[in-house]
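K.L.:
Following this note's numbering, the numbering of the sequence shown begins with 58 at its first residue and continues without gaps. Dropping the structure in here first, questions after.
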Amino acid sequence: MSFSGTQGTQGTQGTQGTQGTQGTQGTQGTQGTQGTQGAGGSAGPYLSLALATTRDGISRQWTGVGGRAIDNATPGGWDAFRKMQDGPQAAVLDYELGCLAGLDISTAQKGIVKARAAGGADAVILTRPVYDQAFVDAQMSLIRSYADLRMDRLAEIQVQTGDIVSFFGGLGYLDRVATKRSLELIWAVLRMVGQMEMRLKMHFDFPRPIQTSSDVQPVIQTPGHGSWPSGHATEAFAVAQVFSALQAGGPVDALDAVTARSHPMRLAARIATNRTIAGVHYPSDSMAGAVLGLGIGEMVINWLSGQAETPVRQFNGTGFVDDFSLETLEGILPSAGMVSFVDPPSPVLSNLWQVAKDEWVR
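What follows is the structure, encoded as structure tokens:
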């Protein structure tokens, strides 16, 4: 995986520096040990030697002819996917989801998520704030107020630098065996939005709060990339959207879920706000991330479930100096139109969605 190398160094960066890649964590353990994992435990040179001597001791005379019949009349597809290890499965899902959307960053102040499966139509549109004194004064005042909550939220802040999925596991049953496909879908979406958010951060190159004033003094290491949009907000709201659909057994309108103040949306908002409390993000970052995450998460689920179209979500950060909240998000989120899908998802993705939904039927 493209992010595997950064996973190993997360701890030395304060972990939040590559939070955008956290979707790979669920499979990282198996990716790192593929080829060295024995059927009964950890492998190594000693096990290889033992296997070699065992073969010498029990093998019969063999001419090199295979003796088992293998039915491979219809190779590929879902059956082939199911037999793959976690790492290769993740690579397949990343490729398949990559067919859904891409980025248009040809304009300096804008970042647009293009729905490839909808003929390249605009699906999420973000416009960068102007980094001026009015923005700094308003947003830094909010960061100063939020700093009073640091001791109350410190445990959450620390854990969430590298893990947000466990918190959604507190809202509904998530288990590596019982809900295997649900977690695979969640992690795949996290990896997808992680790549997009990082490219947008590079594109917008927005200064972090600590670059504005040494009085911020964050309680965690400030990540080494741009502030806008917030990666944690993007990922938390993308997971909230997917999680909501899994619980409902089908697509959930993002605006409806935000308006209802559903548990997944309340959790996502808290995760996003914790980054402002920590001193590493402006509230504006969280608003942009929330719109981005909801828009992508909604598009993924609508596509996988066979919906004909998906809403366009947008946020113009120009002049936005308000606090981040679900109430404010509710006013920003209404659809700016609809885009129609022209290309269906692959059979692997369609099957993954169906099996993941079935895991929630009890």
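Ideal Cβ positions, reconstructed from N, Cα and C, are used throughout, including at glycine. No experiment lies behind these values; they were computed from the predicted model shown.
Between the Cα of ALA245 and those of TRP410, TRP417 and SER301, spot the shortest distance and give me the residue it belongs to.
P.N.:
TRP410
K.L.:
Residue range of the beta strand (DSSP E) that THR164 falls in?
P.N.:
Premise fails: THR164 is in no beta strand (DSSP E) and is neither H nor E.
K.L.:
Can you tell me whether DSSP reads THR110 as helix, strand or coil?
P.N.:
THR110 falls in the helix class under three-state DSSP.
K.L.:
Of all the alpha helix (DSSP H) runs that stay within the bounds of the segment 308 to 394, which reach a length of 4 or more residues?
P.N.:
311 to 316, 320 to 335, 340 to 361 and 383 to 389
K.L.:
May I have a chain-ordered list of the beta strand (DSSP E) segments no shorter than 3 residues that lie completely inside the segment 177 to 209?
P.N.:
178 to 184
K.L.:
Using the beta-carbon count (16 or more within 10 Å), is GLY83 buried or exposed?
P.N.:
A caution first: GLY83 carries a pLDDT of 41, below 50, which makes its placement in the model too unreliable to give a value.
K.L.:
So, at 8 Å on beta carbons, what are the nonlocal neighbours of SER362 in its own chain, with the 5 sequence-adjacent residues on each side left out?
P.N.:
ALA302, GLY307, PRO308 and TRP410
K.L.:
Considering just the uninterrupted stretch of the alpha helix (DSSP H) at LYS237, what are its terminal residues?
P.N.:
237 to 261
K.L.:
Taking the C-alpha atoms as reference points, what is the distance between ASP205 and ILE334?
P.N.:
The alpha-carbon of ASP205 is positioned some 8 Å away from that of ILE334.
K.L.:
Could you check what DSSP says for LYS140 in three-state terms: helix, strand or coil?
P.N.:
coil
K.L.:
Give the DSSP bridge partners of VAL170, in chain order.
P.N.:
LEU160 and VAL181
K.L.:
Cα-Cα, which of GLN364, GLY336, HIS320 and LEU383 is closest to ALA345?
P.N.:
LEU383
K.L.:
Given this structure, state the Cα-to-Cα distance separating VAL405 from ASP342, to the nearest angstrom.
P.N.:
If you take the alpha carbons of VAL405 and ASP342, they lie about 34 Å apart.
K.L.:
Under a Cβ-count criterion, where at least 16 other Cβ atoms within 10 Å of its own Cβ denotes burial, should ARG112 be classed as buried or exposed?
P.N.:
exposed
K.L.:
Please report how far the alpha carbon of ALA180 lies from the alpha carbon of GLY352, in whole angstroms.
P.N.:
7 Å
K.L.:
Does DSSP put THR90 in a helix, a strand or coil?
P.N.:
Confidence in THR90 is poor, its pLDDT being 42 and thus under 50, which makes the residue's placement too unreliable to answer from.
K.L.:
Looking at C-alpha atoms only, which residue of LYS258, VAL299 and MET249 is the closest neighbour of PHE225?
P.N.:
VAL299
K.L.:
In this structure, what does DSSP give as the bridge partners for VAL396?
P.N.:
THR367
K.L.:
Where do the ends of the alpha helix (DSSP H) carrying ASP128 lie?
P.N.:
Per DSSP, ASP128 belongs to no alpha helix (DSSP H) and is neither H nor E.
K.L.:
Can you give the beta carbon distance from VAL378 to ALA191, rounded, assuming they're within the 8 Å contact cut?
P.N.:
6 Å
K.L.:
For the alpha helix (DSSP H) that VAL412 lies in, which residues bound it at each end?
P.N.:
404 to 415
K.L.:
Between the Cα of GLN278 and the Cα atoms of GLY219, LEU228 and LYS414, which residue gives the shortest distance?
P.N.:
GLY219
K.L.:
For the segment 152 to 167 against the segment 246 to 260, are there 3 or more C-beta pairs whose distance is under 8 Å?
P.N.:
Between the segment 152 to 167 and the segment 246 to 260 there are three or more C-beta pairs closer than 8 Å, enough to call the two in contact.
K.L.:
Count the other C-beta atoms from every protein chain shown that fall within 10 angstroms of the C-beta of ASP380, then say buried if there are 16 or more, exposed otherwise.
P.N.:
buried
K.L.:
Less than 7 Å between CB atoms is the rule here; does GLY97 satisfy it with respect to chain C?
P.N.:
Absent from the structure is chain C; it holds one protein chain and no more.
K.L.:
Let's see if you can read the secondary structure: which residues bound the alpha helix (DSSP H) around GLN279?
P.N.:
Gln is not the amino acid found at residue 279; the sequence shown has Thr there. From DSSP, THR279 is part of no alpha helix (DSSP H); its letter is neither H nor E.
K.L.:
Just the Cα atoms here: how many angstroms apart are ILE328 and LEU199?
P.N.:
16 Å
K.L.:
Could you tell me the distance, in whole angstroms, from the CA atom of VAL337 to the CA atom of ASP136?
P.N.:
45 Å
K.L.:
Do MET395 and GLU366 count as a contact pair if the criterion is CB distance below 7 Å?
P.N.:
Yes, they are a contact pair.
K.L.:
Compute the Euclidean distance between the alpha carbons of PRO102 and ALA109, then round it to the nearest angstrom.
P.N.:
11 Å
K.L.:
Examine the Cβ distances between the segment 269 to 276 and the segment 315 to 325 and report whether three or more of them are shorter than 8 Å.
P.N.:
no
K.L.:
Alpha carbon to alpha carbon, how far is ASP262 from THR78? Give it in angstroms, no decimals.
P.N.:
Below a pLDDT of 50, predicted positions are generally treated as unreliable, and THR78, at 37, falls in that range; no measurement from the model is reported.
K.L.:
With a cut-off of 8 Å on the beta carbons, I'd call ALA293 and ALA325 a contact; round off their distance for me.
P.N.:
4 Å
K.L.:
Could you pull out every residue in the same chain whose Cβ sits closer than 8 Å to the Cβ of THR87, ignoring the five residues on either side in sequence?
P.N.:
Legend: pLDDT at THR87 = 36, less than 50; position of this residue unreliable, no value from coordinates given.
K.L.:
Confirm, please, whether the CB-CB distance from PHE372 to ILE358 is below 7 Å.
P.N.:
Not in contact: ILE358 and PHE372 (Cβ atoms no closer than 7 Å).
K.L.:
Does DSSP put THR84 in a helix, a strand or coil?
P.N.:
Confidence is the limiting factor: at THR84 the pLDDT is only 38, short of 50, which leaves the residue's position unreliable, though a coordinate-based value still follows. Correct three-state label for THR84: helix.
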